[in-house]
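Beneath this line is the structure, given in structure tokens, with notes to follow.
Protein chains: 2
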Amino acid sequence: MGIAERKEKQKQDLRKAILDASMKLFVEQGYENVSIRKIADLIEYSPTTVYLYFKDKNEILFNLHEIGFQKMAEYTADIFTIKNPVVRLHKMGEYYMKFGLENPEFYDLMFILQAPMEALQTIDNCQWKSGDQALGKLKETIQECMDKNLIEKGDVHAIAMAIWGMVHGMVALAIRNRFDKLVPREEMVPMMNKGLTWLLNVLDASGNKT
Amino acid sequence: MGIAERKEKQKQDLRKAILDASMKLFVEQGYENVSIRKIADLIEYSPTTVYLYFKDKNEILFNLHEIGFQKMAEYTADIFTIKNPVVRLHKMGEYYMKFGLENPEFYDLMFILQAPMEALQTIDNCQWKSGDQALGKLKETIQECMDKNLIEKGDVHAIAMAIWGMVHGMVALAIRNRFDKLVPREEMVPMMNKGLTWLLNVLDASGNKT
DNA sequence: CAAATATACTTAACACTGTTAAGTTGTCAA
DNA sequence: TTGACAACTTAACAGTGTTAAGTATATTTG
């Protein structure tokens, strides 16, 4: 059915157009300036048409959040060739923070805003695939560090949460302006990296001790 | 001027009534359910009256955010008697996370939401006093740990950011539902504490090594 | 081929939001 | 008594997400 196929493609095209428009607004004007009406204006359809392609705004934001994970994967792609797992761990943290600070809107969506998680709870089979996958890579690396006696052993799950927490925490505090009066803009990234390096050094030292 | 005094008191009373109403809505119904109209309904005044006492909604939220810091101070009040600075550091982290998980709405306001920081930028002499003070206590404790050779030495400022980042990161990920599919509700607190304990142990060990 | 149906989209509306300009009281001082 | 000032309200603006109902257009069926 060539005709049905073409129709299906047109539907997918409009769906993509909605996401593209959302992303344009989102990246250029920030999260709070994305509205259904503005999206509709951009694609030159009525606002209600958007609801024929997405259940609600949360579902749109969830889709953008997935795109964010793809973008982040690009940042960290060339890291997994690094042999030394401690160095890899260090670089993972560094690039994670770099991504967050360079793409604050996406970072917000992926790790701070409630909206995409609300979409997840009502639609999907209720697994946060993107997040799980990213955390999985972190856990693997930590496990490898432990296996090779490069860092102090412990509950991998808890430690992964702690390390993720640390990099996330610094990025989140930075992009939500809690570091503004503490550190000048240009010293922010070096300072955050210094904190991470300090932790990794401490870890490494205690590993060498054993 | 007894009469002018009474008037002044009445003004302050209404101001407090607005904050009380805001807090009630805020704690009971969550951040996104606090609106000027709902506040006005609760205090039985018209919505515009609120604007005679506060510049805008951000200013109300900024005041609530300050109350949050007072509340947090109550949590950590009995900690500063602890002699051993490493143990104190540990307890600070533990109680910080406890506060965050038990008062997610306040935590949101204090460390995640943009609104109170926006109020800060347009009104005050532009110093985040509450945050600075809290971070100050953390830095003192870290400095003390270093002075007593209990933890690896380094840039106190960067390390304070890293440690704060870690506890904040875990709380923020937890209350924004990024740990939901990873850790069951009842295991969340123990797991987070395990992560913190792991870090502190590593720090302590490297300190003893020297 | 004509009638019925399904598809794609729009109009209009509901119930909210923060915020402001203009108007209305009531109280106090000259 | 009049005028000014303070406290408060009404009405409105411009926006938000979302839904019910209506309108063309195209496709399928009798």
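Sequence lines, in order, name chains A and B. Residue numbers are given in the working numbering: position 44 of the first sequence equals residue 145, and the series is strictly consecutive. Residue numbers are given in the working numbering: position 162 of the second sequence equals residue 263, and the series is strictly consecutive. The C-beta atom is built at its ideal place from N, Cα and C for all residues, glycine as well.
Excluding the 5 residues preceding and the 5 following Val151/B in the sequence, name in chain order all residues of the same chain whose CB lies nearer than 7 Å to its CB. Stepping through the second sequence from its first residue, residue 151/B is reached at position 50. The answer, listed in chain order, is Ile119, Ile137, Ile140 and Ala141.
Per DSSP, what kind of secondary structure is Ser123/B in: helix, strand or coil? Translated into the one-based positions of the second sequence, residue 123/B becomes position 22. The answer is helix: DSSP assigns Ser123/B an H, G or I state.
I believe Met271/A touches Gly266/B by the beta-carbon criterion, under 8 Å. Please report the beta-carbon distance rounded to the nearest angstrom. Within the first sequence, numbered from 1, the residue matching residue 271/A stands at position 170. Within the second sequence, numbered from 1, the residue matching residue 266/B stands at position 165. Contact holds; Cβ gap of about 4 Å.
When you compare the CB of Ile260/B with every CB in chain A, is at least one pair closer than 8 Å? What you label residue 260/B is simply residue 159 of the second sequence in a count that begins at 1. Closer than 8 Å to some Cβ of chain A, the Cβ of Ile260/B qualifies, so yes.
Beta carbon of Gly263/A, beta carbon of Gly296/B: below 8 Å? The sequence position of residue 263/A within the first sequence is 162, counting from 1. The sequence position of residue 296/B within the second sequence is 195, counting from 1. Correcting the residue identity first, residue 263/A is Ala in this sequence and not Gly. Yes, the Cβ-Cβ distance between Ala263/A and Gly296/B is below 8 Å.
When you compare each of Asp305/B, Glu253/B, Leu210/B and Ile243/B to Lys158/B by their alpha carbons, which one comes out closest? Position 57 of the second sequence, counting from 1, holds the residue named residue 158/B. Ranking the options by Cα distance to Lys158/B, first place goes to Leu210/B.
Inter-residue spacing [alpha-carbon to alpha-carbon] between Asn302/B and Arg189/B: By 1-based counting over the second sequence, the position of residue 302/B is 201. By 1-based counting over the second sequence, the position of residue 189/B is 88. Asn302/B and Arg189/B: Cα-Cα distance of roughly 13 Å.
Close beta carbons around Tyr196/B, own chain, < 7 Å, minus the five adjacent residues each side: For this step, residue 196/B is matched to residue 95 along the second sequence. Closer than 7 Å at the Cβ level, and outside the excluded window around Tyr196/B, lie Tyr176, Thr177 and Ile180.
Of all Cβ atoms in chain B, is any one closer than 8 Å to the Cβ of Arg286/A? For this step, residue 286/A is matched to residue 185 along the first sequence. Not one chain B Cβ lies under 8 Å of Arg286/A.
Same chain only: Cβ atoms within 8 Å of Lys310/A, ignoring 5 sequence neighbours per side: Counting from one through the first sequence, the residue named residue 310/A turns up at place 209. Unreliable placement is indicated for Lys310/A, whose pLDDT of 43 sits below 50; the coordinate value is still reported in the next sentence. Closer than 8 Å at Cβ, skipping near neighbours: no residue.
Just reading off the alpha helix (DSSP H) that Leu202/B is part of, what are its end residues? Position 101 of the second sequence, counting from 1, holds the residue named residue 202/B. Counting along the chain, the alpha helix (DSSP H) containing Leu202/B begins and ends at Pro186 to Glu203.
What are the residues in the segment 209-237 of chain B lying within 8 Å of chain A by C-beta distance? Phe212, Ile213, Leu214, Gln215, Met218, Cys227, Gln228, Trp229, Gly232, Asp233 and Leu236
If you compare alpha carbons, which of Val135/A, Phe212/A and Ile183/A is closest to Met173/A? Counting from 1 along the first sequence, the entry for residue 173/A is found at position 72. Checked all of Val135/A, Phe212/A and Ile183/A; the closest Cα to Met173/A is Phe212/A.
What in chain B is Cβ-close to Lys295/A, meaning under 9 Å? Counted from its first residue, the first sequence places residue 295/A at position 194. Per Cβ cutoff of 9 Å: Gly255, Asp256, His258, Ala259, Ile260, Met262 and Ala263.
Just reading off the alpha helix (DSSP H) that Gln222/B is part of, what are its end residues? Numbered from 1 along the second sequence, position 121 holds the residue referred to as residue 222/B. Residues Ala216 to Thr223.
Does any residue of chain A bring its CB to less than 8 Å from the CB of Leu165/B? By 1-based counting over the second sequence, the position of residue 165/B is 64. No, because no Cβ of chain A sits closer than 8 Å to the Cβ of Leu165/B.
Supposed close pair Asn134/B, Leu126/B - CB separation, criterion 8 Å: Residue numbering aside, residue 134/B sits at position 33 when the second sequence is read from its first letter. Residue numbering aside, residue 126/B sits at position 25 when the second sequence is read from its first letter. Right, their Cβ atoms sit about 6 Å apart.
Contact between the segment 271-280 of chain B and the segment 198-209 of chain B is defined here as three or more beta-carbon pairs at a separation below 8 Å; is this criterion met? yes
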